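Peer 1: Quick one: structure below, then a few questions.
Protein chains: 2
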Amino acid sequence: MKDPATTGMSHTSFPVSGSEAREPDAMILIDGTRTSLINVLDRGLQYGDGLFETIAVVDGRPLLWERHLERLLSGCARLGIPAVDTGLLTCEVMQMCREHTQRVLKIIITRGVGGRGYRPNQPVQENMPTRILSLHSWPEYPQENASQGIILGLCTTRLGVNPALAGIKHLNRLEQVLARSEWNDPDIAEGLMLDSEGHVIEGTLSNLFIVSGEQLLTPDLSGSGVDGVMRGLILDMAGALSIPVRVTYLDLDDIKNADEIFLCNTLIRIWPVRRFEGIDYDDFKVTHAIAAELEKYIHA
Amino acid sequence: MKDPATTGMSHTSFPVSGSEAREPDAMILIDGTRTSLINVLDRGLQYGDGLFETIAVVDGRPLLWERHLERLLSGCARLGIPAVDTGLLTCEVMQMCREHTQRVLKIIITRGVGGRGYRPNQPVQENMPTRILSLHSWPEYPQENASQGIILGLCTTRLGVNPALAGIKHLNRLEQVLARSEWNDPDIAEGLMLDSEGHVIEGTLSNLFIVSGEQLLTPDLSGSGVDGVMRGLILDMAGALSIPVRVTYLDLDDIKNADEIFLCNTLIRIWPVRRFEGIDYDDFKVTHAIAAELEKYIHA
Chain D
1 MKDPATTGMS HTSFPVSGSE AREPDAMILI DGTRTSLINV LDRGLQYGDG
51 LFETIAVVDG RPLLWERHLE RLLSGCARLG IPAVDTGLLT CEVMQMCREH
101 TQRVLKIIIT RGVGGRGYRP NQPVQENMPT RILSLHSWPE YPQENASQGI
151 ILGLCTTRLG VNPALAGIKH LNRLEQVLAR SEWNDPDIAE GLMLDSEGHV
201 IEGTLSNLFI VSGEQLLTPD LSGSGVDGVM RGLILDMAGA LSIPVRVTYL
251 DLDDIKNADE IFLCNTLIRI WPVRRFEGID YDDFKVTHAI AAELEKYIHA
Chain G
1001 MKDPATTGMS HTSFPVSGSE AREPDAMILI DGTRTSLINV LDRGLQYGDG
1051 LFETIAVVDG RPLLWERHLE RLLSGCARLG IPAVDTGLLT CEVMQMCREH
1101 TQRVLKIIIT RGVGGRGYRP NQPVQENMPT RILSLHSWPE YPQENASQGI
1151 ILGLCTTRLG VNPALAGIKH LNRLEQVLAR SEWNDPDIAE GLMLDSEGHV
1201 IEGTLSNLFI VSGEQLLTPD LSGSGVDGVM RGLILDMAGA LSIPVRVTYL
1251 DLDDIKNADE IFLCNTLIRI WPVRRFEGID YDDFKVTHAI AAELEKYIHA
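First to last, the protein sequences are chains D and G.
If you use the numbering used here, the first sequence corresponds to residues 1 to 300, in order.
If you use the numbering used here, the second sequence corresponds to residues 1001 to 1300, in order.
Laid out in structure tokens, this is it:
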């Protein structure tokens, strides 16, 4: 698969300012200008005061764009960040993606530059959000992850419970950084995280589903976790496939006793789990059915 | 009080690179270079993967520098960020402060520039931390806050519980941002935050102490909160003053029933609380004694 991006950016028409990105594969656009430099007083750096989206770009298109945009706007509303100009953002996204066969697009929206102090400008409208788009190389996950399943580890780092932040894909990600630092074994593809109360929540970079009896179950994220776009799509599709689905509290025993376990996000889509905590899982029937349906939906 | 900083930076000798800060009162040094621009791929922005210190600069000196440095190094160790060169950092700090009568110095250390993904470089030593020093104007808090006490509000935003992050002055500060957004009334100087389990932890930008009977009490921060430099100093001084002190779990009733309540940080030092939740407090005896001792220590 040849990616036109590697042949240079000569077809793009964004203005260039300052030094360009050092990473040969990262094209970056900040507030409409091609630059890799940002004001150090931006509240995104000072306080993690912002949110992000990670989007699969395939054949020039940002997959599931409407769902990503909807989550971004919902996150901005919850954090009190003035909504971005969706027309402008969509235009930039489409222009940035159109020549790329397979890439990852990351969008960051911060509350913008502010003075020292936690308090945002008042009124809310006086904050000028910063809009960062960056295009990255596609992560080379082994093909077998999707077909034969992965080994899932168990992280000791827990997720704090905070309903005010739960579900939002915000920039406060130290819990995930610490959790992902826990293992170096390349055979372990992902790590499961519990919240401080012992509920199973998600992987470090994925949401989790289990199949138990005839039901599809996924953790309730009202206390912590990221409400993933792929999770939302799977919940919608399960209904369409007439698979009974329930969002609920799950503990470790629920996972261990599951018939099937799978993880999802917009880049990996669906990875069945073939081993967790010394238990082998070899039934991927429902998981593969959902994955197949997902592919049909995405390529429709 | 005349601040030489307002007459220009001609006496400093740091190299200048890129655009300078737009804020007339912010002098910024990133990895030894005068610039206000940072690589947008820095993990400090991408994940809040770093920590900071806020230091009072008085008469050319960073107050309590050894304590700030010690906490910074301890935070780096806990997050697995390679320790900064303390000699170099101290040298930069001293040079930056020496001509200033009264300023705020903020130091941010991040894990540095990284690719997309939560996982830090392995081994840890391959991460190149970013070192950001910025000098800001002194916040003009009313003089009466320290002498007559303040009104303390109660925030509805809670602090998540996470022992892995508790105590560290890290860059994941959305909880504080949301809490500080809760009130606009200028008569309320600070807001009290509880954790998700209902324990009283701290103010949005300060630590809390109460005097109850003959004892000085302050919340246990092993689950959440920032272990402030001024809090540490007060705990040490209480011992020297022969005031019995206890670090423990406190709930709202403990605060309401206290004989005295006070808040502290390195900029405000000590603010007695004169009203909280409709209750008036007018005894500041122990609070003022500690504040007086603190001034003696700082100016010794």
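For glycine and all other residues, C-beta sits at the position ideal for the given N, C-alpha and C.
Computed from a prediction, not measured in an experiment: that's the story for all the values here.
With H, G and I counted as helix, E and B as strand and the rest as coil, what does DSSP make of A1258(G)?
Peer 2: Position 258 of the second sequence, counted from the first residue, corresponds to residue 1258(G). Residue state, collapsed to three classes: coil.
Peer 1: Can you pull out the residues from the region 135-167 of chain D whose beta carbon lies closer than 7 Å to at least one beta carbon of chain G?
Peer 2: For the region 135-167 of chain D, which is checked against every Cβ of chain G, the residues closer than 7 Å are H136, T157, R158, G160, V161, N162, A164, L165.
Peer 1: Is any beta-carbon of chain D found at less than 9 Å from that of I1132(G)?
Peer 2: Counting from 1 along the second sequence, the entry for residue 1132(G) is found at position 132. Yes, contact with chain D.
Peer 1: Which one of K1169(G), M1237(G), E1260(G) has the shortest CA to CA distance from E1214(G)?
Peer 2: Within the second sequence, residue 1214(G) is the residue found at index 214, counting from 1. Out of K1169(G), M1237(G), E1260(G), E1260(G) has the C-alpha closest to the C-alpha of E1214(G).
Peer 1: Considering Cα atoms alone, identify which of L1205(G), D1185(G), L1194(G) is closest to G1223(G).
Peer 2: Sequence index remark: in the second sequence, residue 1223(G) carries index 223 (1-based). Considering only alpha carbons, the answer is L1194(G).
Peer 1: Less than 9 Å separating the beta-carbons of I28(D) and I132(D)?
Peer 2: Counted from its first residue, the first sequence places residue 28(D) at position 28. Counted from its first residue, the first sequence places residue 132(D) at position 132. Against a cut-off of 9 Å, the Cβ pair of I132(D) and I28(D) comes out as a contact.
Peer 1: Mind pulling the chain G residues with CB within less than 7 Å of Q122(D)?
Peer 2: Here residue 122(D) is taken as the residue at index 122 of the first sequence, counted from 1. Residues of chain G passing the Cβ test: N1184.
Peer 1: Using the C-alpha atoms, what's the distance from Q122(D) back to T287(D)?
Peer 2: Within the first sequence, residue 287(D) is the residue found at index 287, counting from 1. Within the first sequence, residue 122(D) is the residue found at index 122, counting from 1. Cα to Cα, the separation comes out at about 48 Å.
Peer 1: Once you ignore the five residues that flank D1187(G) on each side, which residues in its own chain have a CB closer than 6 Å to its CB?
Peer 2: Sequence index remark: in the second sequence, residue 1187(G) carries index 187 (1-based). Only I1151 meet the Cβ criterion.
Peer 1: Is it buried or exposed for D1253(G), if we count other Cβ within 10 angstroms and need 16 for buried?
Peer 2: Here residue 1253(G) refers to the residue found at position 253 when the second sequence is read from its first residue. Exposed, because fewer than 16 other Cβ atoms sit within 10 Å of the Cβ of D1253(G).
Peer 1: Give a yes or no on whether 9 Å exceeds the smallest Cβ distance from T35(D) to chain A.
Peer 2: Given the protein chain composition of this structure (D and G), no chain A is represented.
Peer 1: Show which residues of chain D have a CB atom less than 8 Å away from the CB atom of A1026(G).
Peer 2: Here residue 1026(G) refers to the residue found at position 26 of the second sequence. Chain D residues near A1026(G): L41.
Peer 1: Should T1156(G) go down as buried or exposed, given a rule of 16 or more other Cβ atoms within 10 Å for buried?
Peer 2: Sequence index remark: in the second sequence, residue 1156(G) carries index 156 (1-based). By the 10 Å Cβ count, T1156(G) comes out exposed.
Peer 1: Could you list which residues in chain D have their beta carbon closer than 9 Å to that of Y1047(G), in chain order?
Peer 2: Within the second sequence, numbered from 1, the residue matching residue 1047(G) stands at position 47. The contacting residues are G48, L171, N172, R173, L174, Q176, V177.
Peer 1: Are the C-beta atoms of S196(D) and some chain G residue less than 9 Å apart?
Peer 2: Position 196 of the first sequence, counted from the first residue, corresponds to residue 196(D). Answer yes: the Cβ-Cβ gap between S196(D) and chain G drops below 9 Å somewhere.
Peer 1: Does the distance from the CB of G50(D) to the CB of L69(D) come in under 9 Å?
Peer 2: Against the first sequence, residue 50(D) aligns to sequence position 50. Against the first sequence, residue 69(D) aligns to sequence position 69. Contact flag unset, no.
Peer 1: Does the pairing of the region 1159-1177 of chain G with the region 157-168 of chain D give three or more beta-carbon distances under 8 Å?
Peer 2: In short, these stretches touch, since the Cβ pair count reaches three.
Peer 1: Rounded C-beta distance between V1104(G) and L1233(G)? I'm assuming under 8 Å.
Peer 2: Your numbering for residue 1104(G) matches position 104 in the second sequence. Your numbering for residue 1233(G) matches position 233 in the second sequence. Rounded, the Cβ-Cβ distance is 18 Å, inconsistent with contact.
Peer 1: To the nearest angstrom, report how far apart S1212(G) and A1238(G) are at their CA atoms.
Peer 2: If you number the second sequence from 1, residue 1212(G) lands on position 212. If you number the second sequence from 1, residue 1238(G) lands on position 238. Spanning the two alpha carbons is a distance of roughly 14 Å.
Peer 1: Using a cut-off of 7 Å between C-beta atoms, extract the partners of G44(D) located in chain G.
Peer 2: Against the first sequence, residue 44(D) aligns to sequence position 44. Going along chain G in sequence order, the residues near G44(D) (Cβ under 7 Å) are L1045.
Peer 1: For D1282(G), count neighbouring C-beta atoms within 10 Å of its own C-beta (all shown protein chains included) and say buried if the count is 16 or more, exposed if not.
Peer 2: As a first step, residue 1282(G) must be located in the second sequence, where it is residue number 282. Label assigned to D1282(G): exposed.
Peer 1: Assuming L41(D) contacts G114(D) (C-beta within less than 8 Å), just tell me the rounded distance between them.
Peer 2: Position 41 of the first sequence holds residue 41(D). Position 114 of the first sequence holds residue 114(D). Yes, L41(D) and G114(D) are in contact; Cβ-Cβ is about 7 Å, under 8 Å.
Peer 1: Would you check if the distance between the CB atom of M230(D) and the CB atom of L64(D) is smaller than 9 Å?
Peer 2: Position 230 of the first sequence, counted from the start, is the residue given in the question as residue 230(D). Position 64 of the first sequence, counted from the start, is the residue given in the question as residue 64(D). Yes, they are a contact pair.
Peer 1: Restricting to Cα atoms, I'd like to know which of T1218(G), S1134(G), F1276(G), G1228(G) is closest to E1302(G).
Peer 2: Residue 1302(G) cannot be examined here, being either before or after the span of chain G that is shown, 1001 to 1300.
Peer 1: Would you identify the three-state DSSP class for N162(D), choosing helix, strand or coil?
Peer 2: For this step, residue 162(D) is matched to residue 162 along the first sequence. It is coil, neither helix nor strand.
Peer 1: Which of the three DSSP states is assigned to T110(D) in this structure?
Peer 2: For the purposes of this step, residue 110(D) is identified with residue 110 of the first sequence, where counting begins at 1. Here T110(D) sits in strand by DSSP.
Peer 1: Could you say which of L89(D), C97(D), T101(D) lies nearest to I109(D) if we only look at CA atoms?
Peer 2: Numbered from its first residue, the first sequence carries residue 109(D) at position 109. Comparing Cα-Cα distances from I109(D) to each of L89(D), C97(D), T101(D), the minimum goes to L89(D).
Peer 1: S148(D) by DSSP, collapsed to three states: which one?
Peer 2: Within the first sequence, the letter at position 148 stands for residue 148(D). A small correction: the amino acid at residue 148(D) is Gln; Ser does not occupy that position in the sequence shown. In the structure shown, Q148(D) sits in a helix (DSSP, three-state: H, G or I).
Peer 1: Return the first residue and the last residue of the beta strand (DSSP E) that S1137(G) is part of.
Peer 2: One-based indexing of the second sequence puts residue 1137(G) at position 137. From DSSP, the beta strand (DSSP E) with S1137(G) extends over 1130-1137.
Peer 1: If I measure Cβ to Cβ from P1219(G) and keep anything under 6 Å in the same chain, skipping five residues before and after, which residues do I get?
Peer 2: By 1-based counting over the second sequence, the position of residue 1219(G) is 219. Excluding residues within five positions, the ones whose Cβ falls inside 6 Å are V1200, I1201, L1250.
Peer 1: On the three-state DSSP scale, how would you describe S1212(G)?
Peer 2: Start at 1 with the first residue of the second sequence, and residue 1212(G) comes out as number 212. Strand.
Peer 1: Just the chain G side, please: which residues come within less than 8 Å of G32(D) by C-beta, in chain order?
Peer 2: Taking the first residue of the first sequence as 1, we reach residue 32(D) at position 32. Going along chain G, no residue has its Cβ under 8 Å from G32(D), so there is no contact; the nearest lies around 14 Å.
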